[in-house]
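**Q** Chains as they are written, first to last, in the UniProt record's numbering: chain A, 1 to 264; chain B, 1 to 264; chain C, 1 to 264; chain D, 1 to 264.
Beta carbons: idealized from backbone N, C-alpha and C, even for Gly.
On a predicted model such as this, the values are computed, not experimentally measured, just so you know.
The structure that follows is given in the form of structure tokens.
Number of protein chains: 4
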Amino acid sequence: MCRFLAYHGDPIFLETLVCASEHSLVHQSLHAAECKTATNGDGFGIGWYGERDIPGLFRDLRPAWSDENLRSVCTQVRSGHFFAHVRAATGTVTSRANCHPFAHDRWMFMHNGQIGGYAQIKRRLEAALPDALYHARQGTTDSEALFLLVLAEVAKGSPPPEAVASTLGFTKALMRDAGVDEPLRFTAALTDGETLYCFRLACDDRPASLYFSEQPGAVTVASEPVDRGGDHWQAVPRGAFITVRRGTATTVAPFPWAAEAVAA
Amino acid sequence: MCRFLAYHGDPIFLETLVCASEHSLVHQSLHAAECKTATNGDGFGIGWYGERDIPGLFRDLRPAWSDENLRSVCTQVRSGHFFAHVRAATGTVTSRANCHPFAHDRWMFMHNGQIGGYAQIKRRLEAALPDALYHARQGTTDSEALFLLVLAEVAKGSPPPEAVASTLGFTKALMRDAGVDEPLRFTAALTDGETLYCFRLACDDRPASLYFSEQPGAVTVASEPVDRGGDHWQAVPRGAFITVRRGTATTVAPFPWAAEAVAA
Amino acid sequence: MCRFLAYHGDPIFLETLVCASEHSLVHQSLHAAECKTATNGDGFGIGWYGERDIPGLFRDLRPAWSDENLRSVCTQVRSGHFFAHVRAATGTVTSRANCHPFAHDRWMFMHNGQIGGYAQIKRRLEAALPDALYHARQGTTDSEALFLLVLAEVAKGSPPPEAVASTLGFTKALMRDAGVDEPLRFTAALTDGETLYCFRLACDDRPASLYFSEQPGAVTVASEPVDRGGDHWQAVPRGAFITVRRGTATTVAPFPWAAEAVAA
Amino acid sequence: MCRFLAYHGDPIFLETLVCASEHSLVHQSLHAAECKTATNGDGFGIGWYGERDIPGLFRDLRPAWSDENLRSVCTQVRSGHFFAHVRAATGTVTSRANCHPFAHDRWMFMHNGQIGGYAQIKRRLEAALPDALYHARQGTTDSEALFLLVLAEVAKGSPPPEAVASTLGFTKALMRDAGVDEPLRFTAALTDGETLYCFRLACDDRPASLYFSEQPGAVTVASEPVDRGGDHWQAVPRGAFITVRRGTATTVAPFPWAAEAVAA
């Protein structure tokens, strides 16, 4: 399991949420509270949109809690749209290319969850990628594979939630074919730099935790509230996703795929 | 705090204690049980005596639990005398030179504890080092400073336990002068490659945990027993040290300095 | 390009060839003489056979010339059969999983060369791997893909040189289909822990340099002689491979595939 | 030896000088032209002034030429005042704390050169630091020691060039006392975030190369011109220093200490 946060709103220094708050993401890297493993020390990453067409990406292998580069970059960089992630590896190696977030063109993605029986379907998942995205793959995680499959659907014209639904449906079908009993869990954030989509899904109805806070000019989505006392946090319902655009508008909706997938 | 183990006996593969046992040191790096912090992810190190005059040293910055190099080296290397350590940093940076064990000539040392108010006395501690050992210092930890001060005493002819007593007495005096209230804690292992000394000391009578197991041809000393059910483990008494020579002879003795230091 | 060496003979400390000699592999990492790039600083690796069924592997990302762990491990470990490699990356990321040597079961492989137009045929190369080897892939290099394809042929019963011939033939055919003009170059070492095969091949007749030295109880194969004045080094002829067994017997033979591939 | 650059002027993306130009600093990390060693692969660092009181710092151990984080941060971060450095270590270990630039409060420093016989005078240099700066020391290099000594002089009220003169005079005196014959070389950049001072000094009149380019709204100082054909680059004379303020004003002046030190 992992912990992550996504911010969309008026530009703030990344450190506000990543390092400085009472239960910041860096604090969660050592003391996660709503997670099977309290320790998320297998690398970290931040991704942010600034003045460029593509997001900046800084991912490294040392635990977030002691990385002085992470702290300094987060102190200096201000962004109105950023992701941050601390990783607890589930089977794949610790390498920068396996750290979240993943970026491709303007898109960015991070994931907290897993594909049950991934080793049994990895090959068929990867085979479903179109050439360009196959070559864009840099690491070996299930998460990056899901991201690229979603982008393939988006490239065909699907709105992101439908692209996610179709990708998860396809993945679940591969798992069924391979006789996998373990669940598919997908608590994740996806953005094109303008609209943020966050999902809290699992075919066994036990998705990883996800919360959001909507305040004037600032929507934050996080695995765990970053300021413990804050009553402005709401849980994203299981089987739902939220959409954030232009700083404040947050829409919570049931995910089209959830019911069917659980049934399946 | 940190976790460590020392082995002296018939040569075994390092992995036996470092990676493979039920509560191996690698397991303790993520799930320490008798420690303020369960996570010891700020680097690790192994040091071992083989065919050379000086010990081998392999120290790195990533958490021990996911380091494939550590696992492979421990699978291949067999030694009758080795140290292993996983670190939870207490204020100094994560760098290889700050990872334990420390080695100098034939000597090796590792430490679980701390010098209270270290920043206030660091300069005077370092000033007490003779030139050659001042230059041998590679990192910035209190632990390495203590090691080199002990070696300075040994070089003057003191037996190791007396060298430790004198070093801790000197350090405690500096702390008193500086008005430091925090304790000096010293659970540590020291060896010249032939005799192993392990100490469990603290001026506030709350030293970090330390256990030993004496079996035919194998003495193991560890922060926590590495096989949980084993009733062959005994706690090293507070304020005591043990001496291990030629594979099996273990002597537990009260440490000469302890009483005086607590009084002081 | 990269530099490598392979040793087969009476057990020696790895440092003899890796660190200590006049033009050791570590020296070549900074001052390669027969290589397009003098600097081979994108990671390194050693692999050695000891008392275990599988080889030990130690690969890391920092330049070999300044890695104190590499130096210490090479000072301590003695082996009668080992590989060492320093990498100059050609397009793929610097990660441990992309460092040579690669190991699978008892087999080990390292490579100095490249597949021209790799991005255009990577997908079809990987698709040719049987399931078990597809899942064994840990990195993203062309070299690891070639290694696993060779192992697939060996698993079908081919002797290693034929497995290499068949793999290179297949690769060359994919390159032709994709309209790739760049060459396929394969200076490489392969072993099962008992017999060592080293190849110096390229479809444009410009394979990377390779030398061998046969002395009593010691055969060394290296990209560049490790002791500059030594007249005991012979170049492996272009389009040839050598076989080393039981310490001394070295056979140089033309590689069956070379002529055909150049023609094609 | 090392290579570095300093920029002061209208805000630009760091990549312009660090990664993108024909002979950018990243290019110089692998192909330095005016340097004893062409390879500067022992870590790198960037430091920049943005919206905060203190500079941002990002230093890491892998060679600059293959570090994807460096590239991404330099693509995103825009600054009107920044430093960048690639290191070729001269005896001290490769660690983040030994990478340039060094920062303390608002001050930043980087160095290309060395203190001859540093091991013989290190202790006395460090002993000259006032307490607060002694504790601020994070690494073990001669460069950081010089930086902190200069800051100690500045704290006493010296203008930076005089602080440098006094520090180098003191260092040279220690070298003389210790009977050191090797030279003291100091090609360096120092700034408080507003005024940039760059020095090209050596007691043997063989300081490392240093150039500057003054264009409207942009002064760049670099070990080697970053665009090879550019005739807007001038060498900083040996024994001189330059001062850059408010974007364009560059003053080249003889360094007060140079003559005396050479005489001594």
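Quick one: Cα of GLN234 of chain B to Cα of HIS81 of chain B, how far?
**A** 20 Å
**Q** Which residues in chain C have a C-beta closer than 8 Å to the C-beta of GLN138 of chain A? List them in chain order.
**A** VAL93, THR140
**Q** Which of the three DSSP states, helix, strand or coil, is assigned to PHE82 of chain C?
**A** strand
**Q** Let me know if THR251 of chain C comes out buried or exposed under the rule of 16 or more other beta-carbons within 10 Å of its beta-carbon.
**A** exposed
**Q** Could you name the residues of chain D that GLY157 of chain C contacts, counting a contact when the two beta carbons are closer than 8 Å?
**A** At a beta-carbon threshold of 8 Å, none of the residues of chain D lie near GLY157 of chain C; the nearest stands roughly 40 Å away.
**Q** Per DSSP, ASP60 of chain C is paired with what?
**A** C:PHE44
**Q** Would you kindly report the start and end of the unbroken beta strand (DSSP E) that includes GLU214 of chain D?
**A** Going by DSSP, GLU214 of chain D is part of the beta strand (DSSP E) stretching over 211-215.
**Q** Taking 8 Å as the cut-off, does the stretch 91-99 of chain D touch the stretch 127-136 of chain C (at least 3 CB pairs, one atom from each stretch)?
**A** no
**Q** Could you round the C-beta distance between PHE4 of chain B and MET108 of chain B to whole angstroms and report it? I think they count as a contact, below 8 Å.
**A** In fact, because the Cβ distance is near 11 Å, the residues do not count as touching under 8 Å.
**Q** Measuring only the C-alpha atoms, how far is LEU201 of chain C from ARG59 of chain B?
**A** 39 Å
**Q** Between ALA33 of chain D and GLU224 of chain D, which are expected to be in contact by the criterion C-beta below 8 Å, what is the C-beta distance as a whole number of angstroms?
**A** 6 Å
**Q** Can you find a CB in chain C that lies within less than 8 Å of the CB of ARG62 of chain D?
**A** At a cut-off of 8 Å between beta-carbon atoms, ARG62 of chain D makes contact with chain C.
**Q** With 16 as the cutoff for other CB atoms within 10 Å, does GLY239 of chain C come out buried or exposed?
**A** buried
**Q** Tell me which residues of the stretch 93-120 of chain A have at least one Cβ-Cβ distance to chain C shorter than 8 Å, keeping chain order.
**A** Look at the stretch 93-120 of chain A: the residues with a C-beta under 8 Å from a C-beta of chain C are VAL93, SER95, ARG96, ALA97, ALA119.
**Q** Kindly indicate which three-state DSSP category VAL219 of chain A falls into: helix, strand or coil?
**A** strand
**Q** Given a limit of 9 Å on CB to CB distance, which residues of the stretch 46-74 of chain A reach chain B?
**A** LEU61, ARG62, PRO63, TRP65, SER66, ASP67, GLU68
**Q** Would you tell me roughly how many angstroms separate the C-alpha atoms of CYS203 of chain B and GLU144 of chain B, rounded to the nearest one?
**A** 19 Å
**Q** Closer than 7 Å by C-beta to ASP53 of chain B: which residues in its own chain qualify, once you throw out the five before and the five after it? Chain order, please.
**A** When the five nearest sequence neighbours on each side are left out, the beta carbons in the same chain lying within less than 7 Å of the beta carbon of ASP53 of chain B are those of ARG106, in order along the chain.
**Q** Look at the Cβ atom of GLN114 of chain D, then the Cβ atom of ASP142 of chain D, and state whether they are nearer than 8 Å.
**A** yes
**Q** For the alpha helix (DSSP H) containing VAL26 of chain A, list its first residue and its last residue.
**A** 25-31
**Q** For the beta strand (DSSP E) that contains PRO160 of chain C, what are its first and last residues?
**A** PRO160 of chain C -> not in any beta strand (DSSP E); alpha helix (DSSP H) instead, spanning 160-177.
**Q** Determine which residues of the stretch 164-195 of chain A have a Cβ less than 8 Å from any Cβ of chain B, and write them out in chain order.
**A** none
**Q** Mind listing which residues of the stretch 13-38 of chain D have their C-beta closer than 9 Å to chain F's C-betas, in chain order?
**A** As a matter of chain content, chain F is missing from the structure shown, whose protein chains are A, B, C and D.
**Q** Relative to the C-alpha of VAL26 of chain C, which residue among C:VAL77, C:ARG71, C:CYS99, C:SER166 is closest?
**A** Per the Cα distances, C:ARG71.
**Q** Could you confirm whether any beta carbon from chain D is found closer than 8 Å to the beta carbon of TYR134 of chain B?
**A** yes
**Q** So which residues on chain C does ARG87 of chain B lean against when the C-beta distance must stay under 8 Å?
**A** Simply none; closest approach about 16 Å.
**Q** Using a Cβ distance threshold of 8 Å, determine whether the stretch 157-164 of chain D contacts the stretch 155-172 of chain B, with at least three qualifying pairs required.
**A** In short, these stretches do not touch, since the Cβ pair count stays below three.
**Q** Counting along the chain, where does the beta strand (DSSP E) carrying THR243 of chain B start and finish?
**A** Residues 240-245.
**Q** Only counting the same chain, and skipping five residues up and downstream in sequence, which positions put a Cβ closer than 6 Å to that of VAL244 of chain D?
**A** Cβ within range, chain order: HIS8, LEU196, VAL219, THR250.
**Q** Can you check whether the CB of PRO183 of chain B is closer than 8 Å to the CB of GLY91 of chain B?
**A** At least 8 Å separates the beta-carbon of GLY91 of chain B from that of PRO183 of chain B.
**Q** Between ALA261 of chain D and chain C, is the shortest Cβ-Cβ distance under 8 Å, so that the two count as touching?
**A** Legend: pLDDT at ALA261 of chain D = 45, less than 50; position of this residue unreliable, no value from coordinates given.
**Q** Identify which residue in B:THR16, B:ASP177, B:LYS156 has its Cα closest to the Cα of PHE83 of chain B.
**A** B:THR16
**Q** Measuring only between beta-carbons, confirm whether ASP227 of chain B sits less than 8 Å from chain D.
**A** no
**Q** Mapping DSSP to helix, strand and coil, what is PRO256 of chain A?
**A** coil
**Q** Could you name the residues of chain C that ASP131 of chain A contacts, counting a contact when the two beta carbons are closer than 7 Å?
**A** For ASP131 of chain A, the chain C residues whose Cβ falls inside 7 Å of its Cβ are ARG123, in order along the chain.
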